[in-house]
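Participant: Handing you this structure, nothing more for now.
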Amino acid sequence: MTEAEIVAIAVAADDLDRDVATKYTKLEEKIQSLWDKYMGNEVSTTHFLKSVSRLYGPSDDMTADSVVGLSGEKSG
Numbered sequence: 166m167t168e169a170e171i172v173a174i175a176v177a178a179d180d181l182d183r184d185v186a187t188k189y190t191k192l193e194e195k196i197q198s199l200w201d202k203y204m205g206n207e208v209s210t211t212h213f214l215k216s217v218s219r220l221y222g223p224s225d226d227m228t229a230d231s232v233v234g235l236s237g238e239k240s241g
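So for the sequence shown, the numbering used here puts the first residue at 166; every next one is plus one.
Structure representation (structure tokens):
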């Protein structure tokens with residue numbers, strides 16, 4: 166393996182680490198937003214738990230705003 170190949174692999178690994186960190190940062194931000202709404206009595210316990218379970222469940226796009234409660238609407 167040449168030095169150029171090793172560098173290319175290392176750069177790709179760093180990019181992957183950065184992508185994963187970005188996804189988890191967005192996930193934590195959404196969970197925090199849901200928690201804040203729950204603590205402010207803007208959403209019910211059921212709504213909060215279902216929304217968090219959707220965030221942690223299998224998905225093609227973890228960052229989608231289609232999760233209930235993240236696009237600004239108020240729910241009971």
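Even for Gly, the Cβ is constructed at its ideal location relative to N, Cα and C. A quick note: this is a predicted structure, and the numbers were derived from the prediction, not measured.
1. What's the call for residue 195, buried or exposed, on a 16-neighbour Cβ count within 10 Å?
2. Are residue 192 and residue 213 closer than 7 Å when you measure CB to CB?
3. For the alpha helix (DSSP H) containing residue 198, name the first residue and the last one.
4. Quick check: what's the CA-CA separation for residue 176 versus residue 186?
5. Is residue 209 near the ligand NAP, with its Cβ less than 6 Å from a heavy atom?
6. Secondary structure at residue 216, three-state DSSP: helix, strand or coil?
Facilitator: On the basis of the data shown:
1. The residue you call residue 195 lines up with position 30 of the sequence shown. Per the 10 Å Cβ criterion, buried.
2. Residue numbering aside, residue 192 sits at position 27 when the sequence shown is read from its first letter. Residue numbering aside, residue 213 sits at position 48 when the sequence shown is read from its first letter. Contact: no.
3. The residue you call residue 198 lines up with position 33 of the sequence shown. From DSSP, the alpha helix (DSSP H) with residue 198 extends over 168-204.
4. Locating residue 176 in the sequence shown gives position 11, where the first residue counts as 1. Locating residue 186 in the sequence shown gives position 21, where the first residue counts as 1. Each residue's alpha carbon lies about 15 Å from the other.
5. Absent from the structure shown: the ligand NAP. Ligands present: none.
6. The sequence position of residue 216 within the sequence shown is 51, counting from 1. In this structure, residue 216 counts as helix in the three-state DSSP scheme.
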